[in-house]
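Residue numbers (this note's numbering): 2 to 138.
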């Protein structure tokens, strides 16, 4: 009698196990909701990293431009850059989406603005100090 009950229970379990061959609708819905929550967290973080990388590229380009301009000033004979050299230095330079614009060179100093094509933010550097978060005039 006990063996017969044991066999019947084993048969019922085997039939039940054979019938469960997939996920229920609720299980799939929970997985989709979890993936949506993770995406809602990850996408803004990723976009913020892209903007930070763009601004780092702009700041690097501004630092390089300042170094080149200071080198030109130092190599001049009387501490001022000749007018012919100024006309070749002033202007916009664009590479890999980064635009560097030398906006002012005079006896009081210089000003260089920088921006990225995929961003609205502007950075600047002058003859005194480092890169700033605002444009100079």
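Here a beta-carbon is modelled for each residue, glycine too, at the ideal position from N, C-alpha and C.
- Straight through space, the alpha carbons of residue 24 and residue 39 are spaced by roughly 21 Å.
- In this structure the segment 99 to 119 touches the segment 52 to 66; the number of beta carbon pairs closer than 8 Å is three or more.
- Distance from the CA atom of residue 33 to the CA atom of residue 51, rounded to whole angstroms, is 27 Å.
- Here residue 108 is exposed, its C-beta having fewer than 16 other C-beta atoms within 10 Å.
- Per DSSP, reduced to three states, the secondary structure at residue 110 is strand.
- With a threshold of 16 other beta carbon atoms within 10 Å, residue 5 falls short and is exposed.
- In the three-state scheme derived from DSSP, where H, G and I count as helix and E and B as strand, residue 130 is classed as coil.
- Judged by DSSP secondary structure, residue 68 falls within the alpha helix (DSSP H) whose first and last residues are 26 to 76.
- By the CB criterion at 8 Å, residue 63 and residue 113 fall inside the cutoff.
- Taking the CA atoms as reference points, residue 110 sits about 28 Å from residue 97.
- Taking the CA atoms as reference points, residue 37 sits about 29 Å from residue 121.
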